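Numbered according to this note's numbering, the sequence shown terminates at residue 407, and the numbering increases by one at each position without gaps. A short worksheet on the structure shown next.
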Amino acid sequence: MARILLVISGGIAAYKTLELVRRLRERGHETPAILTEAATRFVTPLSVGALSNQPVLTDLFDLDREREIGHIRLARAADLVLVAPATADIIARMAVGRADDLATAALLATGAPILVAPAMNPHMWAHPATARNVAQLRADGVRFVGPERGEMAERGEAGLGRLAAPEAILDAIEMHLSRDDRLAGRHVVVTSGPTHEAIDPVRYIANRSSGRQGHAIAAAAARAGARVTLVSGPVTIPTPPGVTLHAVESARDMLAAVEAAMPADIAVMAAAVADWHVEAAAQKLKKTASGPPALTLSENPDILATISRSAARPRLVVGFAAETENVIEHARAKLARKGCDWILANDVSTGVFGEADNSVHLITADAVEDWPRLSKEEVGHRLVTRLAEALSDETR
Ligand code: C5P
């Protein structure tokens with residue numbers, strides 16, 4: 012049972028929050044709520060309160076009521092704050108840290124994790140100002156669920172902007188509440204993102220890795236109580252809360268950072284490391300009449316293989332394999348070649364890069380587990396569950 016402070020802002024999707032309140036209560040959660048003034052035009056405080064049987068605050072209530080319950084007290088006592096639906100306006104006000112109504116004041120006062128479920132017209136969601144505000148909030152550690160693609164309330168409008176389905180919001184809530192100590196006392200090193208291999212001082216070779224999978228694994232390990240060192244190449248996504256980041260550029264930097272991070276109980280190598288580096292020029296290469304320069308490529312160190320065979324080998328080493336065909340066969344061969352314990356084999360024929368979902372198989376020395384298509388967060392969560400089980404079996 013958790014106390015989830017629900018902040019409802021004013022959008023047509025506010026009526027869907029009533030269903031959410033009902034479902035959260037069914038699961039035993041308490042959902043006190045704060046409605047913005049605009050929200051009260053779409054749902055009434057009475058209907059929210061009747062469904063939740065919990066306090067409902069709005070700016071329309073008077074000071075006596077505020078003294079009695081207190082939005083700051085509600086904010087401080089929450090295990091999680093959910094903003095659903097979140098309009099472009101409340102997202103903007105949150106991003107600049109305003110406290111000009113009860114809802115934003117509570118959001119500023121809370122120490123609890125904040126989960127935002129946006130719902131707005133697709134043009135508003137796509138606007139650079141909204142994108143900027145969302146990026147700012149993400150960098151502040153605020154998490155988002157949705158929006159989804161679909162029909163809008165306005166006739167004939169479709170696109171990205173619809174409130175996430177209740178199931179998706181409930182899943183996200185459960186995931187954020189499920190902090191535990193399954194990996195307490197363990198040190199987990201995760202690599203993530205691409206590497207950048209310099210050609211000259213201004214150019215580089217890279218690949219399409221977004222870092223989302225590696226970062227999600229680091230986040231899941233931190234939620235399970237581990238001390239997490241995330242060694243990441245250049246990415247544009249935020250560092251998960253509670254994780255120590257070592258930002259690197261090249262594969263050689265990444266190997267050095269991973270080696271420096273040892274000893275560890277677990278290493279998960281999710282980075283898309285470039286296979287080669289270039290003999291980089293000291294000065295910017297110039298266009299010449301004699302045609303393009305020839306790049307001399309050299310092999311990069313294999314971080315996974317190096318760590319798997321090092322004296323400081325963590326007890327469990329997990330690698331990734333991105334394959335477009337014969338996924339399992341290739342992953343098995345990779346397991347042997349790299350000397351790691353497990354491989355998460357990723358079918359990239361369906362376009363995984365930068366996407367939210369992942370299709371994976373967990374390959375161990377003697378078994379293959381086919382996982383259903385999951386979000387990258389859920390892959391992280393599942394992997395952490397398997398890692399925690401494996402370590403506790405070993406110490407038994
Ligand atoms: O050989 P391949 O790149 O397919 O192997 C993928 C796995 O090996 C991933 O876990 C990746 O992080 C790791 N790797 C590495 N260092 C390299 C190349 C790959 O750690 N130079």
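The beta carbon of each residue, even a glycine, is placed where N, CA and C say it ideally should be. Computed from a predicted model, the values in this text were never measured in an experiment.
Whole angstroms are fine: how far does the CA of residue j sit from the CA of residue i?
{"i": "Asp381", "j": "Glu185", "result": "23 Å"}
{"i": "Ser20", "j": "Pro245", "result": "35 Å"}
{"i": "Ala117", "j": "Leu91", "result": "12 Å"}
{"i": "Gly222", "j": "Ala233", "result": "16 Å"}
{"i": "Ala344", "j": "Ala378", "result": "13 Å"}
{"i": "Ala237", "j": "Ala86", "result": "27 Å"}
{"i": "Glu290", "j": "Ser309", "result": "7 Å"}
{"i": "Ile216", "j": "Glu208", "result": "5 Å"}
{"i": "Thr47", "j": "Val199", "result": "42 Å"}
{"i": "Glu178", "j": "Leu35", "result": "11 Å"}
{"i": "Arg109", "j": "His372", "result": "45 Å"}
{"i": "Ile80", "j": "Pro249", "result": "35 Å"}
{"i": "Pro401", "j": "Met273", "result": "The sequence shown places Ala at residue 401, not Pro. Those two C-alpha atoms are separated by around 20 Å."}
{"i": "Ala332", "j": "Thr247", "result": "23 Å"}
{"i": "Glu159", "j": "Thr141", "result": "16 Å"}
{"i": "Pro124", "j": "Val153", "result": "7 Å"}
{"i": "Val67", "j": "Val18", "result": "10 Å"}
{"i": "Ile101", "j": "Asn357", "result": "38 Å"}
{"i": "Asn218", "j": "His341", "result": "21 Å"}
{"i": "Thr51", "j": "Glu388", "result": "34 Å"}
{"i": "Leu119", "j": "Arg143", "result": "19 Å"}
{"i": "Val201", "j": "Ala183", "result": "23 Å"}
{"i": "Pro252", "j": "Arg76", "result": "35 Å"}
Nearer than 7 Å: is that true of the beta carbon of residue i relative to any heavy atom of the ligand MN?
{"i": "Ala232", "result": "Because the ligand MN does not appear in the structure shown, any question about it cannot be addressed here, the ligands present being the ligand C5P."}
Since residue i and residue j should fall inside the 8 Å C-beta cutoff, what is the C-beta to C-beta distance between them, to a whole number of angstroms?
{"i": "Thr206", "j": "Ala285", "result": "5 Å"}
{"i": "Leu355", "j": "Leu385", "result": "Incorrect: roughly 11 Å between the Cβ atoms, too far for contact."}
{"i": "Met163", "j": "Pro133", "result": "7 Å"}
{"i": "Met135", "j": "Gly22", "result": "Actually they do not touch by this definition, with Cβ atoms about 10 Å apart."}
{"i": "Ala61", "j": "Arg14", "result": "In fact, because the Cβ distance is near 19 Å, the residues do not count as touching under 8 Å."}
{"i": "Ile374", "j": "Trp353", "result": "7 Å"}
{"i": "Glu405", "j": "Arg320", "result": "About 20 Å separates the two Cβ atoms, so there is no contact after all."}
{"i": "Gly170", "j": "Ala128", "result": "The Cβ separation is near 17 Å, so there is no contact."}
{"i": "Arg193", "j": "Ala235", "result": "5 Å"}
{"i": "Ala268", "j": "Val242", "result": "5 Å"}
{"i": "Gly330", "j": "Met280", "result": "5 Å"}
{"i": "Arg348", "j": "Asn311", "result": "At roughly 15 Å, the Cβ-Cβ gap does not stay under 8 Å, so Arg348 and Asn311 are not in contact."}
{"i": "Leu29", "j": "Ser58", "result": "6 Å"}
{"i": "Gln65", "j": "Ala95", "result": "Contact flag wrong, Cβ pair sits at about 15 Å."}
With DSSP as the reference, please indicate the residues paired to residue i in a beta bridge.
{"i": "Trp382", "result": "According to DSSP, which records beta bridges pairwise, Trp382 is partnered with nothing at all."}
{"i": "Leu17", "result": "Ala44 and Leu93"}
{"i": "Thr396", "result": "None, per the DSSP bridge assignment."}
{"i": "Leu71", "result": "DSSP, once it has assigned bridges, lists no residue as partnering Leu71."}
{"i": "Ala49", "result": "In DSSP, Ala49 forms no bridge with anything."}
{"i": "Leu171", "result": "Arg160"}
{"i": "Leu373", "result": "Leu355 and Glu380"}
{"i": "Thr202", "result": "Val242 and Met280"}
Chain D beta carbons: is any one of them nearer than 8 Å to that of residue i?
{"i": "Thr51", "result": "Absent from the structure is chain D; it holds one protein chain and no more."}
Beta strand (DSSP E) segments (min. 3 residues) lying fully within the segment 215 to 253: 238 to 243
Around the ligand C5P, Cβ to any heavy atom closer than 5 Å, ordered along the chain: Here the residues close to the ligand C5P, judged by CB distance below 5 Å to any of its heavy atoms, are Met280, Ala282, Val284, Asn311, Asp313, Ile314, Leu315, Gly330 and Phe331 in chain order.
What ranges does the alpha helix (DSSP H) occupy inside the segment 255 to 302, keeping only unbroken runs of at least 4 residues that lie completely in it? 262 to 272
In chain order, what are the residue ranges of uninterrupted beta strand (DSSP E) at least 3 long that sit wholly in the segment 104 to 159? 125 to 129
Starting from the N-terminal side, write out each stretch of the alpha helix (DSSP H) that is 4 residues or longer and does not extend beyond the segment 322 to 360. 338 to 349, all fully within the segment 322 to 360.
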